[in-house]
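Residue 1289 is where the sequence shown starts when you use our numbering, and the numbers rise one by one after that.
Every residue gets a Cβ at the ideal spot worked out from N, C-alpha and C, and that includes glycine.
In what follows, a structure is listed as structure tokens, so that the remarks can point back to it.
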Amino acid sequence: MDDIVRIDSNAKLSRIVIHGDTVYIAGVTSRSPGGITEQTRDVLAKIDGFLAQAGTDKSRMLQVQIWLADIDRDFNGMNAVWAEWAPADAMPTRATCEAKLAAPELLVEIIVTAARKPA
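The following block contains the structure:
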């Protein structure tokens, strides 16, 4: 499968998968202590790095899925950080849902699909 590039793979997942001009970034979480603001900032910084590894940036995001452990408590805090980070002139489609995340200390998980920059 020469047309699929997998980056940072292990027995459970690939952190980044590139197929054609589409970049898929697996769910990104933060293990940093703190509340939703700190964890969201950490996750978005990681996403910036993963997008750069894949040859693109946040202005090329197509779709984002945001999972919150407690949507009632954390939606506004996450959304404030998102509004500071996301490019106002290039907003992706987005869904935000509540989900039981993989560990109790996790407050947010974000999945990104983006387009690669033209060569």
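Notebook entry, point to check: For the candidate residues G1337, G1323, L1339, S1318, whose alpha-carbon lies nearest to that of D1330?
Noted result: Residue mapping note: residue 1330 aligns to position 42 of the sequence shown, counting from 1. Cα-wise, what sits closest to D1330 is S1318.
Next item on the list: Pair every Cβ in the stretch 1393-1400 with every Cβ in the stretch 1326-1344, then say whether three or more of these pairs are closer than 8 Å.
Entry: With a cut-off of 8 Å, the stretch 1326-1344 and the stretch 1393-1400 count as touching, because enough Cβ pairs lie within range.
Margin query: For the pair the stretch 1342-1359 and the stretch 1376-1388, tell me if three or more CB-CB distances fall below 8 Å.
Written below: Output reads yes: the stretch 1376-1388 touches the stretch 1342-1359.
Next item on the list: Determine the closest residue to A1391 out of G1343, L1356, I1295, with distance taken between C-alpha atoms.
Entry: Within the sequence shown, numbered from 1, the residue matching residue 1391 stands at position 103. Comparing Cα positions, the closest option is L1356.
Margin query: Runs of 3 residues minimum, wholly inside the stretch 1321-1372: which ones carry the beta strand (DSSP E) assignment?
Written below: 1349-1356
Check: In three-state terms, what does DSSP make of R1404?
Finding: To locate residue 1404, count along the sequence shown from 1; it is residue 116. Correct three-state label for R1404: coil.
Margin query: When you compare the CB positions of S1297 and A1314, do they come within less than 8 Å of one another, or not?
Written below: Residue numbering aside, residue 1297 sits at position 9 when the sequence shown is read from its first letter. Residue numbering aside, residue 1314 sits at position 26 when the sequence shown is read from its first letter. Cβ atoms of S1297 and A1314: not closer than 8 Å.
Check: From T1328 to P1375, what distance separates their C-alpha atoms?
Finding: Numbered from 1 along the sequence shown, position 40 holds the residue referred to as residue 1328. Numbered from 1 along the sequence shown, position 87 holds the residue referred to as residue 1375. If I take the Cα positions, the gap works out to 16 Å.
Margin query: From the DSSP secondary-structure annotation, give me the bridge partner or partners of S1297.
Written below: Locating residue 1297 in the sequence shown gives position 9, counting from the first residue. Paired residues: S1302.
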